Every structure is written in structure tokens, then in C-alpha cells.
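**Q**
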DNA sequence: TCTATCGTTGACATCCATGTCAAGGTCCAG
DNA sequence: CTGGACCTTGACATGGATGTCAACGATAGA
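Residue numbers (our numbering), protein chains in the order written: chain A, 4 to 123; chain B, 4 to 123.
1) Determine the burial state of residue 84 of chain B: buried for a count of at least 16 other Cβ atoms within 10 Å of its Cβ, exposed for fewer.
2) Ignore the nearest five residues each way along the sequence and tell me which others in residue 13 of chain A's own chain have a CB closer than 7 Å to its CB.
3) For the alpha helix (DSSP H) holding residue 8 of chain B, just list the boundary residues, first then last.
4) Within 8 Å (strictly less), CB to CB, does residue 98 of chain A reach chain B?
5) Would you give the residue range spanned by the alpha helix (DSSP H) that residue 16 of chain A belongs to?
6) At which residue ranges does the region 27 to 107 of chain A contain complete alpha helix (DSSP H) runs of 4 or more residues, listed in the order of the chain?
7) Strictly below 7 Å CB to CB, what residues from chain A border residue 71 of chain B?
8) Step through the CB atoms of chain A and report whether any lies within less than 8 Å of the CB of residue 29 of chain B.
9) Between residue 101 of chain A and chain B, is any beta-carbon pair separated by less than 8 Å?
10) Cβ of residue 9 of chain A less than 8 Å from any chain B Cβ?
11) Quick one: does residue 47 of chain B have its CB under 8 Å from some CB of chain A?
12) Assign residue 122 of chain A to one of three DSSP states: helix, strand, or coil.
13) Beta-carbon within less than 6 Å of residue 41 of chain B's beta-carbon, same chain only, minus the 5 sequence neighbours each way: which residues are those?
14) Can a CB atom of chain A be found closer than 8 Å to the CB of residue 55 of chain B?
15) Any C-beta of chain B sitting closer than 8 Å to the C-beta of residue 93 of chain A?
16) Would the beta-carbon of residue 19 of chain B fall within 8 Å of that of residue 66 of chain B?
17) So, does the CB of residue 106 of chain A fall closer than 8 Å to a CB anywhere in chain B?
18) Rounded to whole angstroms, what is the Cα-Cα separation between residue 56 of chain B and residue 118 of chain B?
19) Flag residue 68 of chain A as yes if its beta-carbon sits less than 8 Å from any beta-carbon of chain B, otherwise no.
This is the structure we're talking about:
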């Protein structure tokens, strides 16, 4: 599929898809005419990228994370350097803290909303 | 306490504390000489702000969220306009999606790391 | 009293994710 | 073969969170 269709399917824009590519997050093939050609599986990948961006992770980190998440467990151990592994350790910790913070605050807001609603 | 101490306690910087103030997230008193004076409870508040920022929420939203989270349940119903309530509803939904996305990806990374480690 | 350390404000710089626009190429439908 | 819809690259703009710097005031210790 071409860039416009992928943009529609992922609620993004061609501009962003080119940006993600430039950041090394996706690598579409090219048609003979130079147009980018995206495989089906990239729909999920882009949705995942957008989810992680929305959750506050920078593309730099997302780029490191993505290879660990490929459904076919073709783990590339060659590129799994020790520093990268420790980066991932740190990052999962940060994600856990984010999750806790978000959960705590979301629940508090929910509670607030429930109280307000119960008085309506 | 003064701005430098609060910055140390919250792992932030004076610059950021002034920024949060400018965005209406905190409102320190002033000493006679013009220095900002921060009460103890602001330590937690700033930590919360930084947690939410790190989780990807913008100051604009955090500003709306904070009043719902004050421990002494002095809910100000006067300013709880309908639009604000629906904003909060939307925001809790977004937070839930973020939490799910982060959890899913963190678990996948953990799993990856476990596999790699089991081969070491 | 001098100097270091901290505070003040304001301006400018930076990084990142995004938008927007220009100039041009591709392709299909009429 | 022409017009419109889509693609290309590249440049410039923007908004939000943060750094940095300048010029100045306050305070405390040698």
C-alpha cells in the first residue's frame, strides 16, 4: 500500500510516516516510480509507534524497543549489545513508573468524577 | 523553602519550577525580598507534575487534573464546568489507553530480556 | 567590606514531534 | 493531452518542555 492509505489506516499523516522512516522506525520498500510501498504488517507497527509516542516515549527509545516486539520471535542476538540490554532494563523501569503514575492519577480523577456525578 | 532546595528535592531545576509556576501549576508565596517561598506540600505536587509530564501529559491538562487530586477532599464544584468534566472523562480514557500500551510493550520487552538472559 | 552563592526577570537557544508549503514527478479518467 | 489526485524531496514554521545566559538584587561568611 502507499503512504496515503497507510496514513488513513493509522490516523496519521504522510508527513509523519516519512518522519518515522527518517528516524529509522520503519523502512518501506520503493515502487519502480519511487513511491514508498508499505507492507500490511506496518499498519500495526505504526499504530504501536503512535501509541508509544503518545505514551511519552521518544523515537530514539522506540527505535530500540521495536526490534524486541516483532511477533515472529526472530530475536537478533547479534545486535543485542550489553549497553542496549541495560538501556532496555532502564526503560522498562521507567515504563513501570509511568504506568504507576498514570494509574494512580487516573484512578484519582475517576474517583473525583464519580463523586461529582453522584451529586448531580 | 526556596527554589533551589525544592529543585534539589524534586530532581528538577529552578528554571523548571518557574516554568511550572508560569503555566499555573504551582503558586508559591513570596518572601519580603521577592524570593519564592514553597510550602512542604509542594514537594509532592512537583513530583506529581513531573511524573505526569514524563508520562506524556501536557501542562495544560495537568493543570486541570491537579485540583481533583488534592488530598483534603475540598472539591471545588463551583469551577467544575460541564466541559471540564467531559475533558476529564476523555483524559482518563486516554490515560487508560496509554497504560495499556505501556503495559503491553513493557511486558513484551521484559519477555524479550528474559529470553536473552536465559541464554546467557 | 568583599566575594560567593543564591535569588530575580527576561531573552534567546534547543530538541522533538508535527504542520505547511513549494516545485516537481506519476498516473488515471475524461 | 489535460486536470486532478497522489507521490517525491526539501525547507521553513510552530508549540511545548527545557537549557543557558545576561544583568541585576539579596544574603551570609571570611
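In this text, a Cβ means the ideal position worked out from N, Cα and C, and glycines have one as well. Only a predicted model underlies this, so the values are computations on that prediction, with no experimental measurement involved.
**A** By the coordinates alone:
1) For this step, residue 84 of chain B is matched to residue 81 along the second chain. Of the residues assessed, residue 84 of chain B falls on the exposed side of the cut-off, its CB having fewer than 16 other CB atoms within 10 angstroms.
2) Within the first chain, the letter at position 10 stands for residue 13 of chain A. These residues qualify, in order along the chain: 46, 49, 50 and 53.
3) On the second chain, residue 8 of chain B is found 5 positions in, with the first residue counted as 1. Start and end: 6 to 12.
4) Numbered from its first residue, the first chain carries residue 98 of chain A at position 95. At a cut-off of 8 Å, the C-beta of residue 98 of chain A has a neighbouring C-beta in chain B.
5) Residue 16 of chain A sits at position 13 when you count from the first residue of the first chain. Following the DSSP letters along the chain, one finds residue 16 of chain A in no alpha helix (DSSP H), marked with neither H nor E.
6) Every alpha helix (DSSP H) stretch that sits fully inside the region 27 to 107 of chain A and reaches 4 residues is listed by chain position as 44 to 57 and 62 to 68.
7) Locating residue 71 of chain B in the second chain gives position 68, where the first residue counts as 1. Correct list: 111, 112 and 115.
8) As a working mapping, residue 29 of chain B is identified with position 26 in the second chain. Interface with chain A (8 Å Cβ-Cβ cutoff): residue 29 of chain B is excluded.
9) Walking along the first chain from the start, residue 101 of chain A turns up at place 98. At least one chain B Cβ lies under 8 Å of residue 101 of chain A.
10) Taking the first chain and counting its residues from 1, one reaches residue 9 of chain A at position 6. Contacts with chain B at 8 Å (Cβ-Cβ) do not include residue 9 of chain A.
11) Walking along the second chain from the start, residue 47 of chain B turns up at place 44. Using a Cβ-Cβ cut-off of 8 Å, residue 47 of chain B does not count as an interface residue toward chain A, since no Cβ of chain A sits closer than that to its own.
12) Reading the first chain from its first residue, position 119 is the one you call residue 122 of chain A. Three-state result, residue 122 of chain A: coil.
13) As a working mapping, residue 41 of chain B is identified with position 38 in the second chain. Leaving aside the five residues that flank residue 41 of chain B on each side, the residues in its chain whose CB is nearer than 6 Å to its CB run, in chain order, 4, 9 and 31.
14) Counting from one through the second chain, the residue named residue 55 of chain B turns up at place 52. Residue-level contact by beta carbon holds for residue 55 of chain B and chain A, with a gap shorter than 8 Å.
15) By one-based count along the first chain, residue 93 of chain A stands at place 90. With respect to chain B, the C-beta atom of residue 93 of chain A has no partner C-beta closer than 8 Å.
16) Position 16 of the second chain, counting from 1, holds the residue named residue 19 of chain B. Position 63 of the second chain, counting from 1, holds the residue named residue 66 of chain B. No; because the gap between Cβ atoms is not below 8 Å, this pair is not in contact.
17) Within the first chain, the letter at position 103 stands for residue 106 of chain A. True, the Cβ-Cβ gap to chain B drops below 8 Å.
18) The residue given as residue 56 of chain B occupies position 53 in the second chain. The residue given as residue 118 of chain B occupies position 115 in the second chain. Answer to the nearest angstrom: the Cα atoms are 32 Å apart.
19) Reading the first chain from its first residue, position 65 is the one you call residue 68 of chain A. By this cut-off, residue 68 of chain A is an interface position.
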